[in-house]
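Residue numbers (the numbering used here): 339 to 952. C-beta: ideal position from N, C-alpha, C; glycine also. Since we're looking at a predicted model, the values are computed, not measured. To keep things clear, I will list the structure first and then write my remarks on it.
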């Protein structure tokens, strides 16, 4: 197979011929696209002027209710990611009439656009495999991640319920859970309570044809993770560093047959359980514009926009906000995250609706420190888009051999293979110069790298446009082109090379975490994450912040997922789950898969509470 030629025609993020070509999402893929493998992987707040006080529902007076409701229902899920869909499934199973409303043209939310990992300590699938774990160890690990910034009641509720929720959806909704063998926790082996395998869950392959009319209204694949491959296969084939040697006959067959894995597969299972198996109402291209309240401040419905017209939905049991965060509201993101620049790898539908709708009815905003959340750095390949918005890719290249990051002084400043290390270092503030000295970082690599590894969707041997990647015959020339201190870069590369040849990084301990080795390392090297930069020409890519939809600010919620009013009481009839809710349950740290775990668990909790079962 001609891999580079085929990779030039991705179906979900297509790069047309010519540098000015654009990449557009499409749900109609032909066989020539089956080998596309993507690696690596705004409004101001509006607050009503009228007083908003949460209280009991009033059936006699409605503050902003319409004269007529277009739909009378029990439960409204605003958003179709894991949190919204899970809550609708549970509410339906408890006898409620439900509807799912989403502003995007397809169901799945952020969960359908990612890697599909769900982090659940001591889960039943790892026990079936004989992998040792305990509730206590899982609690210790997540407590370590929180760094003391979690709310104890929310933390306890989440951990007491996550396995119950996971097992419920496996049993009642047909989710074919599997434990991912061989993928370690982030901090393994340096933290005693971390585990080498099994805490990550995902799903088995999903047959997209079983979605019926919804097959074309869900994510068949995503530009951020390889299509048609399970995690265990990806690691058996050598991980992301070995993508050029994967079994593309198998991958191609699966993509052609719409056999989905990772995030698209995960969400397809839940969407099928909701809208196909249970026939739950769902509307895409239907943004919710406003929450409807009674005179007591209770939320009793929503005003959506459907086919360009107001669409009023009455919610007798409750409304859940599950619309994600504010990744595509640059003003809001830069303000809340204290960043000078902001970009996102998420689809362009997460623009702060949770904050806007919540604050309009008096919701409190809560936050955790942003220092160690899921923030990557990456780039936009000229012309690449997803649903009309520039497609930003996280830079996984920094974790493979023959590549480093440097600041403007040409100095390394972090373990490039671990975003839990580089994220806080990039936020570092220099009070003497009033700058963030490590921003922006620059990816530096050599010809050894280009001969072996991809850069985004550019495979070895494919020409990379100069708008993305600068090339030079020497490090000094490269530094001058990139406005980096030449002597600093030469000195940094010399020191890095001396140690990398020995498989060591005494400065930042790169390659010491099992997760970094497994995901982006090359096991042909003594240290899978280290290799010298000693073969000209040299290359440089200026990187920018790339969020993946997990923000530091969100709606304040209680142990029932009720949204909390600024005066401290729960807002009757209003819930928030997933990335719409503040991360007070897990605090200041992050572990991949915890976002999906939170969405599933709090969606389950919210629906049960609204139906009087919790």
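| Query | Result |
| --- | --- |
| Rounded C-alpha distance that separates residue 456 from residue 726 | 29 angstroms |
| For residue 548, the nearest candidate out of 614, 834, 743 (CA to CA) | 614 |
| Residue span of the beta strand (DSSP E) that contains residue 721, given as start and end | 713-724 |
| Burial state of residue 605, where buried means 16 or more other Cβ atoms lie within 10 Å | buried |
| Contact under 8 angstroms by Cβ, residue 653 with residue 902 | no |
| Contact under 8 angstroms by Cβ, residue 624 with residue 481 | no |
| Residue range of the unbroken alpha helix (DSSP H) whose run includes residue 697 | 691-698 |
| CB of residue 708 within 8 angstroms of CB of residue 675, strictly | yes |
| Whole-angstrom distance between residue 949 and residue 822, CA atom to CA atom | 60 angstroms |
| Burial state of residue 944 (16 or more Cβ within 10 Å) | buried |
| Beta-carbon contacts of residue 870 that lie in its chain and below 6 angstroms, excluding the five residues immediately before and after | 835, 838, 839 |
| Residue 451 versus residue 444: straight-line alpha-carbon distance, rounded | 11 angstroms |
| Own chain residues within Cβ distance below 6 angstroms of residue 704, not counting five before or after | 894, 920, 922 |
| Assigned exposure category for residue 796 - 16 Cβ within 10 Å defines buried | buried |
| Residues near residue 819 by beta carbon distance below 7 angstroms, same chain, minus five either side | 808, 810 |
| Span separating the alpha-carbon of residue 588 from that of residue 479 | 37 angstroms |
| Backbone secondary structure at residue 797 - three-state DSSP | coil |
| Beta-bridge partners of residue 728, as assigned by DSSP | 723 |
| Range of the contiguous beta strand (DSSP E) that encloses residue 572 | First-last for residue 572: 569-574, but that is the alpha helix (DSSP H), not the beta strand (DSSP E). |
| Through-space distance from residue 881 to residue 716, alpha-carbon basis | 5 angstroms |
| Contact under 8 angstroms by Cβ, residue 454 with residue 663 | no |
| Outcome for residue 832 when other beta-carbon atoms lying within 10 angstroms are tallied against a minimum of 16 | exposed |
| Closest residue to residue 897 among 742, 642, 494 (Cα-Cα distance) | 494 |
| Within 8 angstroms, strictly: CB atoms of residue 733 and residue 714 | yes |
| Buried/exposed call for residue 772, threshold 16 Cβ in 10 Å | exposed |
| Cβ shell of residue 687 (< 6 angstroms), same chain only, five flanking positions each side left out | 441, 442 |
| Cutoff 6 angstroms; reference residue 403; Cβ partners in own chain excluding five residues on either side | 630 |
| Within the stretch 835-919, ranges of the alpha helix (DSSP H) (whole runs, at least 4 residues) | 852-858 |
| Coil, strand or helix - residue 539 by DSSP | strand |
| Own chain, CB closer than 8 angstroms to residue 466, minus 5 neighbours either side, in chain order | 517 |
| Simplified DSSP assignment, three categories, for residue 961 | Because the chain spans 339 through 952 in this model, residue 961 falls outside it and cannot be assessed. |
| Residue 552, enclosing alpha helix (DSSP H) - first and last residue | No alpha helix (DSSP H) holds residue 552; DSSP gives it neither H nor E. |
| Where the alpha helix (DSSP H) through residue 436 begins and ends | Run containing residue 436: none in the alpha helix (DSSP H); it sits in the beta strand (DSSP E), 436-439. |
| Nearest neighbour of residue 932, chosen from 584, 744, 711, 805 [CA to CA] | 711 |
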